[in-house]
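Listed in order, the protein sequences are those of chains A and B.
The letter at position 175 of the first sequence is residue 175 when you use our numbering, and the numbering goes up by one with no holes.
The letter at position 125 of the second sequence is residue 125 when you use our numbering, and the numbering goes up by one with no holes.
Before any comments, here is the structure.
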Amino acid sequence: MEIPPEARAQWPYAPRHAQVNGWRMHYIDEGEGDPVVLLHGNPTWGYLYRDVIPPLLQAGRRVIVPDMIGFGLSEKPTRETAHSLDGHAANLTALMRQLDLTRITLVCHDWGGPTGLAFAMSNVARMRALVVMSTWAWPLPPAEFHTRLFPWRMMHAPVVGPYLLGRHNVLAGRGVYLSVVDREKFRSSAQAVYEAVLPDPATRLLTWVWPRWIPIDAGARALARFEWLERELSKSTLPAMIIWGREDEVFDAATFSARFKQLLPHAEGPHLVTGRHFLQEDSGAEIATLVNGFMDRLEVARQGKGL
Amino acid sequence: MSDVIVCPAPDLVEKRLELVLVEDRIGHYPEFRDFFIHTFELDRVGLAIPGYLTAPSGLTYALVFIGRSGEAFPSGLEIYAIVDALEPIGDAVLDTDLWAILKWMINGVGGEWKLDDLEATGRLYRIPALRTAAR
Chain A
1 MEIPPEARAQ
11 WPYAPRHAQV
21 NGWRMHYIDE
31 GEGDPVVLLH
41 GNPTWGYLYR
51 DVIPPLLQAG
61 RRVIVPDMIG
71 FGLSEKPTRE
81 TAHSLDGHAA
91 NLTALMRQLD
101 LTRITLVCHD
111 WGGPTGLAFA
121 MSNVARMRAL
131 VVMSTWAWPL
141 PPAEFHTRLF
151 PWRMMHAPVV
161 GPYLLGRHNV
171 LAGRGVYLSV
181 VDREKFRSSA
191 QAVYEAVLPD
201 PATRLLTWVW
211 PRWIPIDAGA
221 RALARFEWLE
231 RELSKSTLPA
241 MIIWGREDEV
251 FDAATFSARF
261 KQLLPHAEGP
271 HLVTGRHFLQ
281 EDSGAEIATL
291 VNGFMDRLEV
301 ARQGKGL
Chain B
1 MSDVIVCPAP
11 DLVEKRLELV
21 LVEDRIGHYP
31 EFRDFFIHTF
41 ELDRVGLAIP
51 GYLTAPSGLT
61 YALVFIGRSG
71 EAFPSGLEIY
81 AIVDALEPIG
91 DAVLDTDLWA
101 ILKWMINGVG
111 GEWKLDDLEA
121 TGRLYRIPAL
131 RTAAR
């Protein structure tokens, strides 16, 4: 898939592709220095980070932004069974190993959290630091939002999901629109870009498959993986930072950022910025400033230790 | 109560089955699978024949149930519009019929699954068929 014309002004990056687990993954790889890997979730793509990337590049970072298989400019499988939490973590692992990245600072949002953190916890030697935003990494309890029938469970219910999210693309369009603070800005500058990369029902499969992977009871498919993730994270000593949207209604800041702080007590933050679930849409530059400051402090600490 | 009605197998001479919706995981919430088993006697019929529905437009739809080894039957569902063999199907008609089929399904699943919640979800996401149906 090509870059949508509406996106080109804010997405001047050369498209790159890698074969991961048999799928064609799109990513960008810009700049030089220690790598920062920016991970999106459902239903976005790398474009979500368009305001975060330039300040990171200007600060001398190497910035890598993959599009999850099934989203953005990456290949989009058309069978539900092609998607699993472990499979998506393995896709990311394949890319990180092909690029032979080390000293990675991983910035995770939404499903970029469980997939990215699963990569991080199984490839600790490649990691330098973690940044988490509006995501989760434990089995239960889920967010209150995800247990509610209206609108969340109804939206992706059997047959309803393929109709609403498939035929009508409601998550990439109005769904993201409802989960930003400055909706008018989003409508005029970004909504069409998110919709354009999911042009027909077959390309939108993952928008209703991911919601079905969120554990909401003890019978959930990914429960064991989330239990492992929580266990590994609680043992992790990787430097970490927590950034959250003040207005987040999906993973509310009070509950979810606090839970990450409990898991990673050494983490900086939580730093609250203007934003609902898609906080990058409202506070991209501020997020970049936080990440740059965090990485600068890590570098100073490293030099102080003579490493 | 519903303008969607379970009907017998139609005559398929000079007709075409047009695939309009695919659900790979009908048992994501098991009560949905149970509803289709009960409605179309799938415990007895199995894979032998599709289920058929007539929708508000007058079109008949075939519900083809999918089985997967290792999973309860049915694991998935394909919905086909039965249309004149050489004629296209109008998107607005199809969309309104599918919305009516969703309402019929949610009404049949029952329990915590309420029509009000489906309609509220449709309104939240501005589904055109909801406006058509309200006229």
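Yeah, the Cβ is synthetic: ideal placement off N, Cα and C, and Gly gets one too.
Give me whichever residues DSSP pairs with tyrosine 80 of chain B in a beta bridge.
B:Leu19, B:Ala62
Quick one: is arginine 25 of chain B near chain A, going by C-beta distance under 8 Å?
yes
Counting only Cβ pairs nearer than 7 Å, list the residues of chain A close to arginine 126 of chain B.
Arg174
Does valine 93 of chain B come out as helix, strand or coil in the three-state DSSP assignment?
helix
Contact check, aspartate 34 of chain A vs arginine 16 of chain A, beta carbons under 8 Å:
no
Beta-carbon separation of arginine 16 of chain B and valine 83 of chain B under 8 Å?
yes
Is arginine 204 of chain A helix, strand or coil by DSSP?
helix
What are the residues of the region 131–162 of chain A that lie near chain B, defined by any Cβ-Cβ distance shorter than 7 Å?
Leu149, Phe150, Pro151, Met154, Met155, Ala157, Pro158, Val159, Val160, Pro162
Can you tell me whether DSSP reads aspartate 86 of chain A as helix, strand or coil?
helix
Hey, out of A:Leu165, A:Arg225, A:Val52, whose CA is closest to arginine 126 of chain B's CA?
A:Leu165
Would you say proline 309 of chain A and leucine 290 of chain A are within 8 Å of each other, going by their C-beta atoms?
Nothing about residue 309 of chain A can be reported from this structure: the residues present for chain A run from 1 to 307 only.
Can you look up glycine 46 of chain A in the DSSP assignment and give me helix, strand or coil?
helix
Counting only C-beta atoms, is leucine 42 of chain B closer than 8 Å to chain A at any point?
no
Could you pull out every residue in the same chain whose Cβ sits closer than 6 Å to the Cβ of alanine 172 of chain A, ignoring the five residues on either side in sequence?
Pro43, Tyr194, Glu195, Leu198
Return helix, strand or coil for alanine 72 of chain B, following the three-state DSSP convention.
coil
By the three-class DSSP mapping on this structure, what secondary structure does methionine 68 of chain A have?
coil
Name the residue from A:Val176, A:Ser257, A:Met154 whose alpha carbon lies nearest to the alpha carbon of serine 189 of chain A.
A:Val176
Do you know whose CA, among B:Thr60, B:Phe65, B:Ala55, lies nearest alanine 48 of chain B's CA?
B:Phe65
Roughly how many angstroms lie between the CA atoms of phenylalanine 278 of chain A and glycine 58 of chain B, to the nearest whole one?
43 Å
Taking all protein chains shown into account, decide if histidine 28 of chain B is buried (16 or more other Cβ within 10 angstroms of its Cβ) or exposed.
buried
With H, G and I counted as helix, E and B as strand and the rest as coil, what does DSSP make of isoleucine 106 of chain B?
helix
When you compare the region 125–141 of chain A with the region 272–288 of chain A, are there three or more beta-carbon pairs, one atom per stretch, that lie closer than 8 Å?
yes
Coarse secondary structure for aspartate 11 of chain B, derived from DSSP in three states
coil
Listing by chain order, which chain A residues have their CB less than 7 Å from the CB of valine 22 of chain B?
Pro162
Could you tell me which residues DSSP pairs with proline 114 of chain A in its beta bridges?
Its beta-bridge partners do not exist; DSSP assigns none.
Would threonine 121 of chain B count as contacting chain A if we go by Cβ distances under 8 Å?
yes
Glutamate 195 of chain A: contacting residues in chain B (beta-carbon distance under 7 Å)
Residues of chain B passing the Cβ test: none, with the nearest at roughly 13 Å.
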